[in-house]
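The sequence shown begins at 3 in the numbering used here and counts up by one. Every residue, glycine too, gets a C-beta built ideally from N, C-alpha and C.
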Amino acid sequence: MTAASPAASVLRSSGAPAVASADQRTRIAVCALSKTFKSATGDVVAVDDVSFEVRQGEFVALLGPSGCGKSTILNMVAGLLDKSGGQISIDSDEVRHGTVNRKVGYVFQRDTVFPWRTVEANIGYGLEIAGVPKTERAEKVRRTIEVAGLAGFGKSFPRMLSGGMRQRVALMRTLILEPEILLMDEPFGALDTHTKLEMHKTLLEIWERERQTVLFVTHDLGEALTLSSRIILLSARPGRLKEDFEVPFPRPRDAVSLRETPEFGRLYSHIWHSLGQEFRRTKAE
Ligand SMILES: Nc1ncnc2c1ncn2[C@@H]1O[C@H](COP(=O)(O)OP(=O)(O)OP(=O)(O)O)[C@@H](O)[C@H]1O
Ligand SMILES: [Mg+2]
Numbered sequence: 003m004t005a006a007s008p009a010a011s012v013l014r015s016s017g018a019p020a021v022a023s024a025d026q027r028t029r030i031a032v033c034a035l036s037k038t039f040k041s042a043t044g045d046v047v048a049v050d051d052v053s054f055e056v057r058q059g060e061f062v063a064l065l066g067p068s069g070c071g072k073s074t075i076l077n078m079v080a081g082l083l084d085k086s087g088g089q090i091s092i093d094s095d096e097v098r099h100g101t102v103n104r105k106v107g108y109v110f111q112r113d114t115v116f117p118w119r120t121v122e123a124n125i126g127y128g129l130e131i132a133g134v135p136k137t138e139r140a141e142k143v144r145r146t147i148e149v150a151g152l153a154g155f156g157k158s159f160p161r162m163l164s165g166g167m168r169q170r171v172a173l174m175r176t177l178i179l180e181p182e183i184l185l186m187d188e189p190f191g192a193l194d195t196h197t198k199l200e201m202h203k204t205l206l207e208i209w210e211r212e213r214q215t216v217l218f219v220t221h222d223l224g225e226a227l228t229l230s231s232r233i234i235l236l237s238a239r240p241g242r243l244k245e246d247f248e249v250p251f252p253r254p255r256d257a258v259s260l261r262e263t264p265e266f267g268r269l270y271s272h273i274w275h276s277l278g279q280e281f282r283r284t285k286a287e
């Protein structure tokens with residue numbers, strides 16, 4: 003193992019190494035999951051018979067066209083939304099609608115920073131709620147701000163930041179709580195290409211150090227290939243599991259140069275063929 007850099011312990015208060023990758027236990031298990039939204043204008047079957055597992059330390063991308071049910075699945079895994087059928091468990095405990103699991107962190111699709119709080123106060127929010135003493139909190143927030151590349155902006159309000167910087171705040175507000183399991187819903191979807199790449203670099207650096215178990219929703223194939231170890235491809239709505247791809251690129255990965263390798267191009271073309279069919283089905287609806 004390489005020596006920990008000063009930043010390495012920032013998101014892991016104990017300074018302990020991440021759980022060894024040999025640990026293959028299932029963290030998230032989704033079995034025959036379905037969701038139908040009922041409304042006055044008729045039922046919408048959003049998710050139909052989806053099953054998959056995410057093991058300890060895996061970075062799994064849930065990929066599919068817009069409207070195929072990705073957020074719906076993630077919200078059910080987080081316990082934020084009730085399911086219509088099937089089972090979901092985290093560490094073998096059934097996920098119940100409306101209950102909070104402290105092992106789980108969630109980064110939302112939309113920018114969810116508090117506009118009335120400074121960057122510091124946004125990032126430290128969860129620690130404040132958890133009752134972490136002020137000096138300990140301030141020190142941890144300071145180091146996290148540095149890791150996020152936001153040094154000098156601690157006293158700024160979100161309106162004074164770019165979209166990418168705001169998204170960094172949202173990401174760090176979750177990561178500072180050191181969740182073992184991270185659910186991310188297109189967290190970089192609203193960013194321009196360059197800013198997105200910067201965020202990929204930041205996330206890769208953190209994840210390759212911390213090895214949280216991640217379920218990452220996206221409709222961007224390049225993003226899924228850059229970040230993940232496995233891609234679960236969903237069909238157009240109703241979301242069904244279409245294919246499951248290993249992403250074998252070695253780590254640590256460089257978010258920019260990885261895209262220039264022939265292996266990246268080959269896997270991109272291979273999955274694109276299958277994803278493209280689903281994009282066309284979505285358009286034809
Ligand atoms: N609360 C709701 N009531 C009724 N229908 C809903 C509700 N939430 C989602 N849907 C429908 O369920 C389907 C899946 O929505 P979902 O938000 O999960 O898609 P998504 O894959 O996350 O799309 P995107 O990539 O655009 O975020 C869509 O057809 C959507 O209109
Ligand atoms: Mg969504």
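Given that a residue counts as buried once 16 or more other Cβ atoms are within 10 Å of its Cβ, and exposed if not, what is arginine 282? exposed
Determine the contact status of alanine 63 and leucine 206, defining contact as a CB-CB distance below 8 angstroms. no
Using CA atoms only, rank isn't needed, just tell me which of Ala140, Ser91, Arg139 and Phe247 is closest to asparagine 103. Ser91
Own chain, CB closer than 7 angstroms to leucine 260, minus 5 neighbours either side, in chain order: Thr228, Phe251 and Phe266
Let me make sure I understand the geometry here. Which of Pro189, Gln214 and Arg213 has the alpha-carbon closest to that of histidine 202? Pro189
Using 8 angstroms as the Cβ pair cut-off and three pairs as the minimum, do the segment 80-97 and the segment 33-49 touch? yes
Sequence ranges, beta strand (DSSP E) only - wholly within the segment 128-169, length at least 3: none
Assuming proline 67 contacts glutamate 245 (C-beta within less than 8 angstroms), just tell me the rounded distance between them. With 8 angstroms as the limit, proline 67 and glutamate 245 do not qualify as a contact, their Cβ atoms being about 14 angstroms apart.
Give a yes or no on whether the C-beta atoms belonging to methionine 186 and valine 109 are separated by under 8 angstroms. yes
Examine ligand 1 and report whether any of its heavy atoms sits within less than 7 angstroms of the Cβ of valine 46. yes
Going by DSSP, what residues sit across from glutamine 89 in a beta bridge? Cys33
According to the Cβ coordinates, are valine 216 and phenylalanine 61 closer than 8 angstroms? yes
If you measure from the CB of histidine 99, is any heavy atom of ligand 1 nearer than 7 angstroms? no
Less than 8 angstroms between C-beta atoms, sequence neighbours within five positions excluded: which residues of the same chain meet that for alanine 153? Ile147
Residue burial classification, histidine 221 (beta-carbon count within 10 angstroms, cutoff 16): buried
For serine 73, collect the residues of the same chain with a Cβ closer than 7 angstroms to its Cβ; drop the 5 residues on either side in sequence, then sort them by chain order. Gln111, Asp187 and Val219
Kindly identify the DSSP beta-bridge partner or partners of aspartate 263. Note on identity: in this sequence residue 263 is threonine, with aspartate being the wrong assignment. Threonine 263 is not bridged to any residue.
Any residue whose CB is nearer than 7 angstroms to a heavy atom belonging to ligand 2, listed in chain order: Lys72, Ser73, Gln111, Asp187, Glu188 and Val219
Just list the residues that DSSP pairs methionine 78 with in beta bridges. Methionine 78 is not bridged to any residue.
Report yes if the CB atom of cysteine 33 is closer than 8 angstroms to the CB atom of serine 237, and no otherwise. no
For methionine 167, tell me which candidate among Ala192, Leu184 and Arg145 has the shortest Cα-Cα distance. Ala192
When you compare the CB positions of glycine 126 and valine 143, do they come within less than 8 angstroms of one another, or not? yes
Between the Cα of isoleucine 234 and those of Leu177, Pro117 and Trp274, spot the shortest distance and give me the residue it belongs to. Trp274
Thinking C-beta only, is proline 254 closer than 8 angstroms to glutamate 210? yes
Hey, would you say aspartate 50 sits closer than 8 angstroms to arginine 170, going by beta carbons? no
Is the separation between the beta-carbon of alanine 48 and that of arginine 239 shorter than 8 angstroms? yes
Do you know whose CA, among Thr120, Arg27 and Leu163, lies nearest aspartate 93's CA? Arg27
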